[in-house]
């Protein structure tokens with residue numbers, strides 16, 4: 040239980056799959072309560088004894104399936120099974136008795152489906168549950184009319200509208216959160232790619248620095264390789280008796296640095312396991328801009344750039360940075376000059392030695408992506424006067 | 003060991019996160035009010051259908067009108083929009099529960115009791131921590147009070163046993179599940195605001211890092227004098243071509259002076275410019291400020307980037323040492339590489355002391371980028387890690 044609470048508290052750091060697993064675990068706990076409750080509730084319902092015994096057993100079996108799927112990390116399947124169980128329980132409670140609490144279960148079932156935060160699942164299962172709820176009220180509305188209700192019709196209509204309203208409102212919530220989530224995610228992924236480009240250049244410079252100094256590359260250093268091996272063995276000893284089993288994999292990791300890794304991954308003659316390890320290790324190679332390199336660069340930024348925040352700190356549009364027309368034009372000239380004179384591109388050998396030409400800059404300026412930096416008005420101005428830009432900057 | 007996950011958070015993030023959230027809060031406020039408006043219409047329809055006395059109709063509608071008016075007032079007041087909308091959100095959450103409770107107490111039927119669930123759904127549109135706590139608390143307390151104090155609400159025709167125990171259990175399950183659901187959703191959403199703000203800051207820092215490494219490699223800085231000279235020449239010809247007075251020259255002089263003069267001196271020399279104008283012009287200064295250099299770097303690298311839908315929701319986008327499906331050996335080796343590299347001098351980062359590494363790995367997001375079992379082994383045995391690296395690497399570097 041402590042682990043579950045800790046995982047909920049830190050759920051933002053979990054992967055999608057881990058979050059889904061956590062949710063299934065929580066729902067399963069609640070389902071156990073419901074299945075347990077279905078035993079005393081059998082006393083109030085209208086089913087025959089056989090059904091009252093059989094159904095809770097079926098629910099228990101369904102829960103077992105959910106747990107088995109979870110054990111095998113088939114979390115989506117586990118999710119579907121938990122939903123089937125709660126829907127089954129709802130129908131059992133609702134159609135077995137004439138009590139108001141049965142009707143509340145429609146809301147509880149929708150809540151379970153909402154809990155998974157998956158829009159398609161919600162539309163399909165949630166929609167089906169809502170339709171069943173509305174039909175139930177049409178057929179059995181008279182059995183749950185309050186003694187103070189003005190009539191069956193008003194009572195049924197109230198039940199139906201509130202259930203549909205509940206479903207639609209959460210659907211709206213889903214659409215909003217999906218929309219926000221998607222937009223933020225999109226922006227984040229795009230930014231990540233931009234960062235990777237900066238890091239590509241940083242790594243290339245570092246390689247060139249090491250080459251110029253004639254330094255031995257770290258991943259070729261035997262002492263470094265031994266350190267990695269020793270530390271890996273030390274950790275692995277906590278997981279398996281023969282901790283040194285990992286040493287061979289460390290060796291393979293360093294071996295990959297001198298190989299064409301793509302060839303290994305795509306070569307069907309190479310054993311599948313080797314290819315799998317190569318694919319997984321590729322993310323952490325030291326001689327290319329891998330995840331490891333990116334994480335290291337990002338880590339080092341903890342110690343950089345501590346200038347204060349101002350509202351234009353993350354603003355890169357010349358149009359928004361400057362309000363005066365002359366300033367906008369002057370800043371456009373600075374940007375053009377920077378792109379034309381500073382080395383910002385790699386040559387055909389991958390060395391950072393190239394500047395952008397006038398034609399390339401023009402192509403960039405008119406491109407859609409460049410609206411992030413300059414407005415249409417600035418582009419038009421540039422196009423009208425590009426010969427001056429080219430000649431004097 | 004007590005963990006403080008925000009200890010190594012970039013200090014610039016908070017204000018930016020607010021501005022990100024404000025955009026969404028505005029939209030949610032509008033949607034909330036639209037839903038309340040529709041609800042008011044439905045309630046009016048039912049009240050008229052039931053031929054309820056005019057006073058009740060008017061008082062109920064008045065409550066809806068007051069609620070929507072409060073929202074409009076807070077929305078229109080532009081100063082400190084973020085906090086205004088937050089206040090409106092709390093008032094709206096409470097207000098809607100007040101309206102619902104008054105309707106339940108007025109009609110005393112089980113069907114109208116379910117309106118509490120609808121109210122919860124409408125308030126959940128906000129997806130905000132405090133609003134969520136307020137809404138869950140209201141639903142829980144009001145639900146329990148109504149069930150225990152007014153059990154007759156749940157009495158149905160032909161069945162005088164309201165089974166309040168089961169209603170109570172289901173209500174508790176409903177509230178707990180929805181609370182957990184909102185909690186996880188809001189945590190993840192907040193995490194994304196944080197990630198987005200963080201990556202904006204990280205971009206600036208990565209550009210600075212690139213400039214730093216570039217400087218080590220090329221040993222060159224921007225030739226500012228050459229820049230200003232070419233701008234002078236350019237502006238002279240440009241002014242001539244478009245037939246205007248050369249307004250740029252004075253600005254270029256000012257930009258050059260920004261390096262050697264402070265703002266009061268600049269303002270006294272360039273009396274034609276206000277402080278705001280000078281502050282804007284500062285962004286173009288090339289020696290002390292690096293705004294234009296940043297724009298140049300970003301502009302030179304940002305093209306040709308495409309994001310597919312598959313990538314948006316892919317776990318692989320999160321850089322870590324614990325990718326789902328990766329072998330345990332890979333998770334171990336990747337972490338060990340990262341750890342060892344932190345302990346070695348690099349051109350862009352000096353080696354870090356053991357205590358510093360441990361502190362960062364424990365109190366930052368990096369804690370969550372490493373497999374839980376592996377990071378725990380490290381935190382419990384960091385002296386051993388330190389010794390192994392020192393023993394092996396003392397001759398290497």
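Protein chains in written order, with the working numbering: chain A, 40 to 432; chain B, 3 to 399.
Even glycine gets a Cβ: it sits at the ideal position worked out from N, Cα and C.
Check your understanding: What residues of chain B sit near residue 185 of chain A, judged by a beta carbon separation below 9 Å?
Key -> Neighbours of residue 185 of chain A on chain B, chain order: 109, 110, 111, 112, 113, 114, 115, 154, 155, 156, 157, 158, 159.
Check your understanding: Between residue 412 of chain A and the rest of its own chain, which residues show a CB-CB distance below 8 Å, the 5 nearest in sequence each way excluded?
Key -> Within the same chain, and ignoring the five residues on either side of residue 412 of chain A in sequence, the residues whose Cβ sits closer than 8 Å to its Cβ are 355, 356, 357, 374.
Check your understanding: Relative to the alpha-carbon of residue 360 of chain B, which residue among B:351, B:381, B:376 has its alpha-carbon at the smallest distance?
Key -> Ranking the options by Cα distance to residue 360 of chain B, first place goes to B:381.
Point to revise | chain A contact for residue 70 of chain B (CB, 9 Å cutoff) | key: No, its Cβ sits nowhere closer than 9 Å to a Cβ of chain A.
**Study point:** Reduced DSSP secondary structure (H/G/I, E/B, other) of residue 1 of chain B
**Key:** Any property of residue 1 of chain B remains undetermined from this structure, which presents chain B solely from 3 to 399.
Check your understanding: How far does the beta strand (DSSP E) with residue 4 of chain B in it reach, from first residue to last?
Key -> For residue 4 of chain B, there is no enclosing beta strand (DSSP E), as DSSP marks it with neither H nor E.
Check your understanding: Relative to the alpha-carbon of residue 228 of chain A, which residue among B:201, B:188, B:187 has its alpha-carbon at the smallest distance?
Key -> Nearest C-alpha to residue 228 of chain A: B:201.
Check your understanding: Do the segment 307-325 of chain A and the segment 282-297 of chain A touch if we need at least three Cβ pairs shorter than 8 Å?
Key -> With the cut-off at 8 Å, the segment 307-325 of chain A and the segment 282-297 of chain A touch.
Check your understanding: Less than 9 Å separating the beta-carbons of residue 266 of chain A and residue 376 of chain B?
Key -> Result no, Cβ atoms of residue 266 of chain A and residue 376 of chain B do not sit closer than 9 Å.
Practice item. Scan the segment 204-233 of chain B for residues whose Cβ lies nearer than 7 Å to a Cβ of chain A and list them as they occur along the chain. Key: Listed by position along the chain: 204, 205, 206, 207, 208, 209, 210, 211, 212, 215, 216, 218, 219, 229, 232, 233.
**Study point:** Residues that residue 52 of chain B contacts on chain A, provided the C-beta gap is smaller than 7 Å
**Key:** Contact of residue 52 of chain B with chain A by beta-carbon distance below 7 Å involves 189, 193.
Practice item. Determine, using beta-carbon pairs with one atom in the segment 211-218 of chain A and one in the segment 268-278 of chain B, whether at least three such pairs fall under 8 Å. Key: Short answer: they don't touch.
Check your understanding: Is the Cβ of residue 275 of chain A closer than 9 Å to any Cβ of chain B?
Key -> At least one beta carbon of chain B lies nearer than 9 Å to the beta carbon of residue 275 of chain A.
Point to revise | As assigned by DSSP and simplified to three states, the class of residue 224 of chain B | key: Residue 224 of chain B falls in the coil class under three-state DSSP.
Check your understanding: Any idea which residues DSSP pairs residue 185 of chain A with across the strands?
Key -> Answer by DSSP bridge pairing, in chain order: B:158.
Exercise for review: Helix, strand or coil for residue 393 of chain A, going by three-state DSSP, please let me know.
Suggested key: DSSP, reduced to helix, strand and coil, places residue 393 of chain A within a strand of the structure shown.
Review point. What first and last residue would you give for the alpha helix (DSSP H) that runs through residue 227 of chain A?
Key: Segment 191-252, the alpha helix (DSSP H) holding residue 227 of chain A.
Point to revise | Selection from B:254, B:186, B:150 that minimises the alpha carbon distance to residue 130 of chain B | key: Answer by Cα proximity: B:186.
Check your understanding: Along the chain, where does the alpha helix (DSSP H) that runs through residue 116 of chain A open and close?
Key -> From DSSP, the alpha helix (DSSP H) with residue 116 of chain A extends over 114-135.
Practice item. Would you tell me roughly how many angstroms separate the C-alpha atoms of residue 296 of chain A and residue 306 of chain A, rounded to the nearest one? Key: In this structure, the straight-line span from the alpha carbon of residue 296 of chain A to that of residue 306 of chain A is close to 17 Å.
Exercise for review: Say whether chain B places a C-beta atom closer than 9 Å to the C-beta of residue 421 of chain A.
Suggested key: Not closer than 9 Å to any Cβ of chain B, the Cβ of residue 421 of chain A fails to qualify, so no.
Review point. For the alpha helix (DSSP H) that residue 328 of chain B lies in, which residues bound it at each end?
Key: Counting along the chain, residue 328 of chain B sits inside no alpha helix (DSSP H), nor does DSSP assign it H or E at all.
**Study point:** Closer than 9 Å to chain B by CB, residue 305 of chain A
**Key:** Not an interface residue.
Review point. Beta carbon of residue 76 of chain B, beta carbon of residue 90 of chain B: below 9 Å?
Key: Going by C-beta atoms, residue 76 of chain B is nearer than 9 Å to residue 90 of chain B.
**Study point:** Under 9 Å by beta carbon: chain B residues contacting residue 302 of chain A
**Key:** For residue 302 of chain A, there are no C-beta contacts with chain B under 9 Å, since the nearest C-beta of that chain is about 20 Å from it.
Exercise for review: With distances taken Cα to Cα, identify the nearest neighbour of residue 299 of chain B among B:197, B:207, B:53.
Suggested key: When C-alpha distances from residue 299 of chain B are compared across B:197, B:207, B:53, the shortest belongs to B:207.
**Study point:** Proximity of residue 145 of chain A and residue 107 of chain A at Cβ, strictly below 9 Å
**Key:** It is not a contact, given that the beta carbons lie outside the stated cut-off.
Point to revise | residue 216 of chain B versus residue 283 of chain B: straight-line alpha-carbon distance, rounded | key: Spanning the two alpha carbons is a distance of roughly 26 Å.
Review point. Would the beta-carbon of residue 257 of chain B fall within 9 Å of that of residue 296 of chain B?
Key: Between residue 257 of chain B and residue 296 of chain B, the C-beta spacing is not below 9 Å.
Review point. Looking at the structure shown, is residue 348 of chain B part of a helix, part of a strand, or coil, going by DSSP?
Key: Of the three classes helix, strand and coil, the one that applies to residue 348 of chain B here is strand, per DSSP.
Practice item. Mind checking which residues open and close the alpha helix (DSSP H) that includes residue 376 of chain A? Key: Annotation for residue 376 of chain A: the continuous alpha helix (DSSP H) segment containing it runs 364-380.
Practice item. Compare the C-beta of residue 197 of chain B against all C-beta atoms of chain A and say whether one is closer than 9 Å. Key: Residue-level contact by beta carbon holds for residue 197 of chain B and chain A, with a gap shorter than 9 Å.
Point to revise | Stretch pair the segment 374-394 of chain A + the segment 319-338 of chain B: three plus CB contacts closer than 8 Å | key: Too few Cβ pairs lie closer than 8 Å, so no.
Exercise for review: Anything in the segment 211-224 of chain A with a Cβ closer than 8 Å to a Cβ of chain B? List those residues in chain order, please.
Suggested key: Per Cβ criterion, the list reads 211, 212, 215, 216, 219, 220, 221, 223, 224.
Check your understanding: So residue 333 of chain A packs on residue 235 of chain A, CB below 8 Å; how close in whole Å?
Key -> With a Cβ gap of about 6 Å, residue 333 of chain A and residue 235 of chain A count as contacting.
Review point. Thinking C-beta only, is residue 171 of chain B closer than 9 Å to residue 138 of chain B?
Key: Against a cut-off of 9 Å, the Cβ pair of residue 171 of chain B and residue 138 of chain B comes out as no contact.
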